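Structure first, then comments.
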Amino acid sequence: MIIQYALRRVVAAIPVLLGILLVTFVLARVIPGDPCRAILGEKATEAVCSKFIEAKGLNKPIIVQFGIYAKDMISGNLGDSYRLGMPVTRLLIERLPTTFELSLAALIVSVILGIPLGIISAVKHNTWLDVGTMVWANVGVSMPVFWLGLMLAYIFSLTLKGTPFWLPPSGRVSPEIISTPFYQVWGWTLPESGLWSAFLNFSGRLNILNALLTQNWALLKDSIAHLILPAFALGTIPMAIVARMTRSTMLDALGQDYIRTARAKGLREIAIVFRHAFRNSLLPLVTVIGLSFGGLLGGAVLTETVFGLSGVGRTLFEAITARDYGVVQTFTLIIAVGFVIINLLVDISYVYLDPRVRLK
Amino acid sequence: MTADANAVLNSEVVAKKSLSMWQIALRRLIRRRSAVAGLAILGLMIFIAIFAPVLAPYDPTLSMLDANPPQRIKARTAPCIHLLGCPADQPQHLAGIDGNIRDQFSRLLYGARLSLIVGISTVTFAIIIGTILGAIAGYVGGRVDNIIMRVMDVLLAFPSLLLAIAIVSVLGPGLINALIAIGIVSIPAYARVMRASVLSVREMEFVLATRALGGNDWQILFQRILPNALTPLIVQGTLGIASAILDAAALSFLGLGAQPPTPEWGSMLGAERNQVFTAPHLVFYPGLMIMLTVLSFNLIGDGLRDAMDPRLFHS
Numbered sequence: 001m002i003i004q005y006a007l008r009r010v011v012a013a014i015p016v017l018l019g020i021l022l023v024t025f026v027l028a029r030v031i032p033g034d035p036c037r038a039i040l041g042e043k044a045t046e047a048v049c050s051k052f053i054e055a056k057g058l059n060k061p062i063i064v065q066f067g068i069y070a071k072d073m074i075s076g077n078l079g080d081s082y083r084l085g086m087p088v089t090r091l092l093i094e095r096l097p098t099t100f101e102l103s104l105a106a107l108i109v110s111v112i113l114g115i116p117l118g119i120i121s122a123v124k125h126n127t128w129l130d131v132g133t134m135v136w137a138n139v140g141v142s143m144p145v146f147w148l149g150l151m152l153a154y155i156f157s158l159t160l161k162g163t164p165f166w167l168p169p170s171g172r173v174s175p176e177i178i179s180t181p182f183y184q185v186w187g188w189t190l191p192e193s194g195l196w197s198a199f200l201n202f203s204g205r206l207n208i209l210n211a212l213l214t215q216n217w218a219l220l221k222d223s224i225a226h227l228i229l230p231a232f233a234l235g236t237i238p239m240a241i242v243a244r245m246t247r248s249t250m251l252d253a254l255g256q257d258y259i260r261t262a263r264a265k266g267l268r269e270i271a272i273v274f275r276h277a278f279r280n281s282l283l284p285l286v287t288v289i290g291l292s293f294g295g296l297l298g299g300a301v302l303t304e305t306v307f308g309l310s311g312v313g314r315t316l317f318e319a320i321t322a323r324d325y326g327v328v329q330t331f332t333l334i335i336a337v338g339f340v341i342i343n344l345l346v347d348i349s350y351v352y353l354d355p356r357v358r359l360k
Numbered sequence: 361m362t363a364d365a366n367a368v369l370n371s372e373v374v375a376k377k378s379l380s381m382w383q384i385a386l387r388r389l390i391r392r393r394s395a396v397a398g399l400a401i402l403g404l405m406i407f408i409a410i411f412a413p414v415l416a417p418y419d420p421t422l423s424m425l426d427a428n429p430p431q432r433i434k435a436r437t438a439p440c441i442h443l444l445g446c447p448a449d450q451p452q453h454l455a456g457i458d459g460n461i462r463d464q465f466s467r468l469l470y471g472a473r474l475s476l477i478v479g480i481s482t483v484t485f486a487i488i489i490g491t492i493l494g495a496i497a498g499y500v501g502g503r504v505d506n507i508i509m510r511v512m513d514v515l516l517a518f519p520s521l522l523l524a525i526a527i528v529s530v531l532g533p534g535l536i537n538a539l540i541a542i543g544i545v546s547i548p549a550y551a552r553v554m555r556a557s558v559l560s561v562r563e564m565e566f567v568l569a570t571r572a573l574g575g576n577d578w579q580i581l582f583q584r585i586l587p588n589a590l591t592p593l594i595v596q597g598t599l600g601i602a603s604a605i606l607d608a609a610a611l612s613f614l615g616l617g618a619q620p621p622t623p624e625w626g627s628m629l630g631a632e633r634n635q636v637f638t639a640p641h642l643v644f645y646p647g648l649m650i651m652l653t654v655l656s657f658n659l660i661g662d663g664l665r666d667a668m669d670p671r672l673f674h675s
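Protein chains in written order, with the working numbering: chain F, 1 to 360; chain D, 361 to 675.
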């Protein structure tokens, strides 16, 4: 039953994935100038270009070109960055961990702070606590990410300098801290290429995970210190959204008959709030959290700019301004596909959270 | 109760109260404190935007070195407010001096014009296109519906700011192109709202009645269906202005939107972001203005959603 439902959702996502492929394909065709120099750079010679056009089938009908592009992308042949002179796959492995850590931290901030704030607000409905939380949540969703980031950096890196609350204003890790990937510490040899190598390379660059695996506590402390400000800058908007959503769904749930029944049974208030009301307000909450991933990825461009992190967002932005279309195409594609997959997971998680969904 | 009796009852209710839906909504809106706060902030911003030339002490693009009389003042000087103890022999600059020796206070005031225009024009553009697409999709249905909504799904699959950045990169940086990009990115939300409304109203009796009376598709769409879809569109639009202003500020911050010396809050902030430690006033005030403007639309939008909820009418 669950598998059937999941399969149906996956099939429904296929047209969207094809559409995304089409959009990123069109993106490289509508830019002014010839596609060869757009992808290989202005300095590409005639000979290089004619070879490139032959290889990519750029002289073939447009529909065939799209077929070649789709085949390349699906088989993992993601092309090169002319600006940085390396395969896009390698660039992705280098830059993705930063963004992954950042968005995950922001998501944790938003969920861990947003849900309790919303619950407190709903339980203490119409008290000063509720009003205060909601005023704060409204201000939170209205703040520009880049402004909040800069202000946090000003407060924590400059004003609080010399106090234990000081936090670093930029970068992922201090220069004096050395991070050795766990596979090296464990004496594994990294394969030349392939998925396993990519995976090891990727996870070795996740500083916090790597610090835990290699028991490098200095690295752990330093990475977390560097992550706090960006995570709060990026996580504040989703935190406010989560708090508001939790409050309204909790208020809905707390007004239901089964809550009165639970009270009449003499259940403790804490059990009523968590086991009865909260469980039933999870569904819209998961939707909102899933949707906020899109905002996180957009906000990552701004957060990474403010905090000097070279993650996917910043790389994509730099590639766009430098017209490095090989990177633009692939990174946009990866982000959009990631977004679709997250929404798919959210859809499928409904089945676990609410058995009624299965019947539809 | 029969349908006839219902109709009689309804007409009596309408006759007794004689308040339109809009009047009721407005009354309920101004009963909410947060919405009133939003209206007050927005009113202030509109006032600033209209009277910027009167309120601003200097031209927003004028260097203080060329002012009359010329002021020998250093770039990024902190605010000087006479009331707060700044010596009276120094020229007053309420929000300090920016990197190009311009009066930031004047620039902040003029920025209100741009932000309001940006928010309202992009959302108007998106509502017009989105409404037409959503109406066609919902009304015609079938394959047309499928194609339009799948295209909308694809647009929604990209994080909105990233898609806007990509569109600007194709069109070239600049305020107008940034507006177009944000407009395009916001279309799907309105198309979805409109389509949902059309679907829920299409089979209602009053639509069938119009058809029976010989009304054509356009009459049905514009006179019967659109008025019923207005409420969600207005709520979505108000909240949409808030996010459009944020996205436009973000594009300008990245250097893709308004270009210098245009006094735009996002680009003012972006130009001085590396000076945050030495001249925090150049980052703090533009961001504060963005936040207040966005906050006002968010508060009004939330208030409207509750005030216009038909389930809560007559309560």
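Beta carbons: idealized from backbone N, C-alpha and C, even for Gly.
Since the model is a prediction, treat every value here as computed from it, not as a measurement.
{"query": "Buried or exposed by the 16-neighbour rule on C-beta atoms within 10 Å, applied to leucine 206 (chain F)", "result": "buried"}
{"query": "Anticipated Cβ contact below 8 Å, leucine 476 (chain D) with alanine 409 (chain D), distance rounded", "result": "5 Å"}
{"query": "C-beta neighbour in chain D for tryptophan 147 (chain F), strict 8 Å", "result": "yes"}
{"query": "8 Å Cβ cutoff, arginine 552 (chain D) in contact with chain F", "result": "no"}
{"query": "Spatial distance of glutamine 579 (chain D) from arginine 571 (chain D) (CA atoms)", "result": "9 Å"}
{"query": "For proline 87 (chain F): DSSP bridge partner residues", "result": "F:Asp80"}
{"query": "Contact check, proline 230 (chain F) vs leucine 102 (chain F), beta carbons under 8 Å", "result": "yes"}
{"query": "At least 3 beta-carbon pairs within less than 8 Å: the stretch 483 to 499 of chain D vs the stretch 551 to 565 of chain D", "result": "yes"}
{"query": "Residue from F:Asp347, F:Arg247 and F:His276 with nearest C-alpha to arginine 260 (chain F)", "result": "F:His276"}
{"query": "Below-8 Å beta-carbon distance, tyrosine 69 (chain F) vs any chain D residue", "result": "no"}
{"query": "Where serine 277 (chain F) meets chain D, residues with beta-carbon distance less than 8 Å", "result": "Just to set this straight, residue 277 (chain F) is alanine in the shown sequence, not serine. Under the 8 Å cutoff, chain D gives no residues; its nearest Cβ is about 21 Å from alanine 277 (chain F)."}
{"query": "Nearest-angstrom Cβ-Cβ length linking glycine 647 (chain D) and tryptophan 217 (chain F), presumed shorter than 8 Å", "result": "The pair is not a contact, with the Cβ atoms about 37 Å apart (cut-off 8 Å)."}
{"query": "Candidates D:Thr591, D:Ile540 and D:Leu386, of which the one nearest valine 558 (chain D) by Cα", "result": "D:Thr591"}
{"query": "Proximal residues of chain F, C-beta to C-beta of proline 510 (chain D) below 8 Å", "result": "A small fix is needed here, since residue 510 (chain D) is arginine in this sequence, not proline. Pro15, Val16 and Gly19, listed in chain order."}
{"query": "Sufficient close CB pairs (3 or more, under 8 Å) joining the stretch 283 to 297 of chain F to the stretch 134 to 142 of chain F", "result": "no"}
{"query": "Beta carbon proximity, leucine 586 (chain D) to chain F, threshold 8 Å", "result": "no"}
{"query": "First through last residue of the alpha helix (DSSP H) which encompasses serine 349 (chain F)", "result": "325 to 353"}
{"query": "For isoleucine 112 (chain F), the three-state DSSP class (helix, strand or coil)", "result": "helix"}
{"query": "C-alpha distance - glycine 532 (chain D) paired with valine 654 (chain D), whole-angstrom precision", "result": "26 Å"}
{"query": "Straight-line gap, proline 459 (chain D) to leucine 309 (chain F) (C-alpha atoms, nearest Å)", "result": "Correcting the residue identity first, residue 459 (chain D) is glycine in this sequence and not proline. Each residue's alpha carbon lies about 25 Å from the other."}
{"query": "Near-chain F residues of the stretch 529 to 541 of chain D - C-beta to any C-beta below 7 Å", "result": "Ser529 and Val530"}
{"query": "Three-state class that DSSP yields for histidine 125 (chain F) in the structure shown", "result": "coil"}
{"query": "Proximity winner among D:Cys440, D:Ala517 and D:Ile457, relative to aspartate 449 (chain D) (alpha-carbon distances)", "result": "D:Cys440"}
{"query": "Burial state of proline 447 (chain D), where buried means 16 or more other Cβ atoms lie within 10 Å", "result": "exposed"}
{"query": "Own chain residues within Cβ distance below 7 Å of arginine 363 (chain F), not counting five before or after", "result": "This structure cannot speak to residue 363 (chain F), because chain F is shown only from 1 to 360."}
{"query": "Neighbouring residues, chain D, relative to isoleucine 335 (chain F) (Cβ below 7 Å)", "result": "Pro519 and Leu522"}
{"query": "Selection from D:Leu399, D:Ala416, D:Gly445 and D:Asp463 that minimises the alpha carbon distance to proline 307 (chain D)", "result": "Absent from the model: residue 307 (chain D). The displayed extent of chain D is 361 to 675, so no value can be given."}
{"query": "Interface residues of chain A facing isoleucine 320 (chain F) [CB-CB closer than 7 Å]", "result": "Looking for chain A here will not work: the only protein chains present are F and D."}
{"query": "Nonlocal neighbours in the same chain, by C-beta distance under 8 Å from methionine 512 (chain D), ignoring five residues either side", "result": "Leu493, Ile547, Pro548, Ala551 and Arg552"}
{"query": "Rounded separation between glycine 501 (chain D) and valine 11 (chain F) - CA only", "result": "21 Å"}
{"query": "Residue closest to aspartate 324 (chain F), alpha-carbon to alpha-carbon, out of F:Ile14, F:Ala240, F:Leu40 and F:Leu285", "result": "F:Leu40"}
{"query": "Any alpha helix (DSSP H) of 4 or more consecutive residues that is wholly inside the stretch 418 to 500 of chain D", "result": "464 to 500"}
{"query": "Interface flag, glycine 171 (chain F) vs chain D, CB-CB below 8 Å", "result": "no"}
{"query": "Sequence-distant residues of the same chain with beta carbon closer than 8 Å to threonine 89 (chain F), five excluded per side", "result": "Gly76, Leu78 and Ala198"}
{"query": "Assigned exposure category for leucine 234 (chain F) - 16 Cβ within 10 Å defines buried", "result": "buried"}
{"query": "Option in D:Ser529, D:Leu535, D:Leu652 and D:Arg665 with minimal Cα separation from arginine 29 (chain F)", "result": "D:Ser529"}
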